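Numbering (the working numbering), first residue to last: 197 to 637. Think of the CB as a built atom: it goes at the ideal place given N, C-alpha and C, for glycine as much as any other residue. Bear in mind that the values here come from a model prediction, so they are computed numbers and not experimental data. Written below as structure tokens is the structure these notes are about.
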Amino acid sequence: MTEAAAVTVEAFRRPRIKPEHRAYRTVDGNVRVGSVIHGIGAEIADPQGWVWTLVEAMDGTRGPSEVVAEVLRGHPELSGADARQAMADLLAAGFVDDAEAPVPVPSREQDRYSRGVPLLRWMDLTPRASPWDAQLRLRAARVLLIGVGGTGGHAAQALVASGVGHLHCVDPDVVELSNLNRQPLYRESDLGRPKVEAAVATLRALNSDVTVTGERREVSGQEELTELLAGPRRAERLPCPARPPGATGRGSGGGGHRSLDAGPGHTCAPAGTEAEPPAATEAGPQTLARPASSSPYDLLVLAADRPDAIRRWTNRACLAAGLPWVDAGYRGPLVTAGVYVPGQGACWECLRDGEFARRDLRLGPGQDPETASPRMPWNPASAVTAGLSGALLAHAALALLTGIPAMEPGFRFGVNLMLPGDPVHQRTPRHLDCPACGERA
Ligand SMILES: [Zn+2]
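What follows is the structure, encoded as structure tokens:
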């Protein structure tokens, strides 16, 4: 049971129809509530007109009893229980919040997230005591990001701008001129600089309330991913500095594994604790019944497509650690993102095998399905495909971390720029004989 399930309208000081869900009356007298966006809105038959009186009374100026009294004043044939039940039903459907809910964040955060929180409230169909609950969950989240190129750079910006608590970035590369057509984290002045170093500096400058760390490192096998999931290597993490904003220069140049610890804006923990791996989030994603995870992270975000086996390694390492993960990428004009939660729905390998079967590739015996969609040494990409890919990836990550909107695990979705009107989605049941998550795995 989620914490939100305990929310009742009687506990609200001023129950109201969410501003983003404001009701209107159709020409035939029904009440439409929840905006007209497919997946959110609902239409309620209202032959006696009291539903309309109810939603009008729920404008945030009355307590629950006053709302009921207002409805009964206009419709004495009703009972108070009817009106209260209707109010509870509207709450259960996600249309109601408390106009006087306490705001549990300082004014600076209220201001910074004053557009994002209403969007979460808009998409949120779970009753909550405060629309800020989701933002607090985000603030408590620890995310491991593999790859800060086109997809990863866009996703990192979105996650940091949105207020994720801690983002740890891993990437082996340096910034090259051929990156700049699609990787907006970097400037010409960054050419030759390790990406992770430039990315961490830019991301810290974007939102100093977020703890951004990084390490320059190539992922060369599943064991290495397993090691990364356990948290940054203590010995490689540098002391938390009191650096002036904009200062840079650590971790530059040399290869190998370099670590960038928290920088300007980060509030240093007491000595002796700041170099610890991020602590496991107590709350965690609440709308997903997540398996117990052995990782200090809440989520892995995969934005690297090299080496070729990195998705399979990630799938297996996350299955073993019980850690949800998301990925995204593009094949030319086709951009997709995937959502995976160990123990819930298909894993990445189930989904990939299901997709190969569905597409009827007409391959000869023993022919590798990858043949049908060959990879090139260069991966054709633009600011548009990388931006879409990173945005979808960030959306999947935010949805898993906040539960808003509820996202189905074992699912890929996306857009085909050649046919933007066609839905792109892949889903398959979990395969019992899957080599990664099946019964014989
Ligand atoms: Zn599987």
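Heavy atom of ligand 1 within 7 Å of residue i beta-carbon
| i | result |
| --- | --- |
| Cys546 | yes |
| Arg558 | no |
| Arg626 | yes |
| Gly634 | yes |
| Ala542 | yes |
| Cys514 | no |
Euclidean distance between Cα positions of residue i and residue j
| i | j | result |
| --- | --- | --- |
| Pro625 | Asp285 | 32 Å |
| Pro243 | Thr222 | 12 Å |
| Ile506 | Gln418 | 8 Å |
| Leu355 | Leu594 | 7 Å |
| Glu252 | Thr409 | 49 Å |
| Ser326 | Glu411 | 36 Å |
| Leu519 | Ala632 | 14 Å |
| Gly343 | Pro576 | 17 Å |
| Thr483 | Thr598 | At Thr483, the pLDDT of 43 sits below 50, so the modelled position is not reliable and the matter cannot be decided from this model. |
| Gly634 | Leu547 | 12 Å |
| Ser489 | Gly539 | 12 Å |
| Glu305 | Ala499 | 28 Å |
| Gly348 | Asn377 | 14 Å |
| Leu424 | Asp549 | 27 Å |
| His627 | Arg413 | 33 Å |
| Ala161 | Leu340 | Any question about residue 161 goes unanswered here, given that the chain covers just 197 to 637. |
| Cys630 | Pro215 | 46 Å |
| Ala592 | Gly534 | 7 Å |
| Trp151 | His217 | Since the first residue of the chain shown is 197 and the last is 637, residue 151 is not available in this structure. |
| Pro368 | Val392 | 8 Å |
Where the alpha helix (DSSP H) through residue i begins and ends
| i | result |
| --- | --- |
| Asn511 | Ile506 to Ala517 |
| Pro211 | First-last for Pro211: Pro211 to Ile213, but that is the beta strand (DSSP E), not the alpha helix (DSSP H). |
| Glu305 | Ser303 to Arg308 |
| Trp521 | Looking at the DSSP string, Trp521 is not in any alpha helix (DSSP H); the run it does join, the beta strand (DSSP E), is Trp521 to Arg527. |
| Val247 | Trp246 to Ala253 |
| Thr581 | Ala579 to Thr598 |
| Thr347 | Gly346 to Ser358 |
| Arg280 | Gly276 to Ala288 |
| Leu268 | Pro260 to Gly270 |
| Gly312 | Gly312 to Met319 |
For residue i, three-class secondary structure by DSSP
| i | result |
| --- | --- |
| Arg623 | strand |
| Ala336 | coil |
| Glu206 | helix |
| Ala295 | coil |
| Gln418 | helix |
| Gln540 | strand |
| Ala238 | strand |
| Ala533 | strand |
| Leu559 | coil |
| Val370 | strand |
| Gly550 | helix |
| Pro565 | helix |
| Arg412 | strand |
| Pro466 | With a pLDDT of 29 at Pro466, under the threshold of 50, the modelled position of this residue cannot be trusted; read the value that follows with caution. Reduced to three states, the DSSP call for Pro466 is coil. |
| Leu376 | coil |
| Leu424 | helix |
| Leu341 | strand |
| Arg221 | strand |
Close beta carbons around residue i, own chain, < 6 Å, minus the five adjacent residues each side
| i | result |
| --- | --- |
| Thr581 | Tyr526 and Val531 |
| Glu551 | Gln622 |
| Ala295 | Arg210, Arg212 and Gly256 |
| Gly307 | With the sequence shown as reference, residue 307 is identified as Asp, and Gly is not the correct amino acid for it. Closer than 6 Å at Cβ, skipping near neighbours: no residue. |
| Arg512 | Gln418 and Ala632 |
| Met614 | Pro529 |
| Arg608 | Thr532, Gly534 and Gln622 |
| Ala568 | Leu557 |
Endpoints, beta strand (DSSP E) assigned at residue i
| i | result |
| --- | --- |
| Arg228 | Val227 to Val229 |
| Asp405 | Element bounds for Asp405: n/a, residue is neither H nor E. |
| His362 | His362 to Asp367 |
| Leu497 | Going by the sequence as given, residue 497 is Val instead of Leu. Element bounds for Val497: Leu495 to Leu498. |
| Thr608 | With the sequence shown as reference, residue 608 is identified as Arg, and Thr is not the correct amino acid for it. Here the beta strand (DSSP E) through Arg608 covers Phe607 to Asn612. |
Close Cβ partners of residue i (< 8 Å) along its chain, the five nearest in sequence each way excluded
| i | result |
| --- | --- |
| Arg324 | Ala200, Val203, Asp293 and Ala330 |
| Ala288 | Pro323 |
| Leu321 | Ile236, Ala289, Gly290, Pro601 and Ala602 |
Residue i CB to nearest heavy atom of ligand 2 below 7 Å
| i | result |
| --- | --- |
| Cys365 | Among the ligands present in this structure, namely ligand 1, ligand 2 is not found. |
Other residues of its chain near residue i: CB distance less than 7 Å, five sequence neighbours each side excluded
| i | result |
| --- | --- |
| Arg508 | Glu545 |
| Leu584 | Val531 and Val611 |
| Leu402 | Gln353, Val356 and Ala357 |
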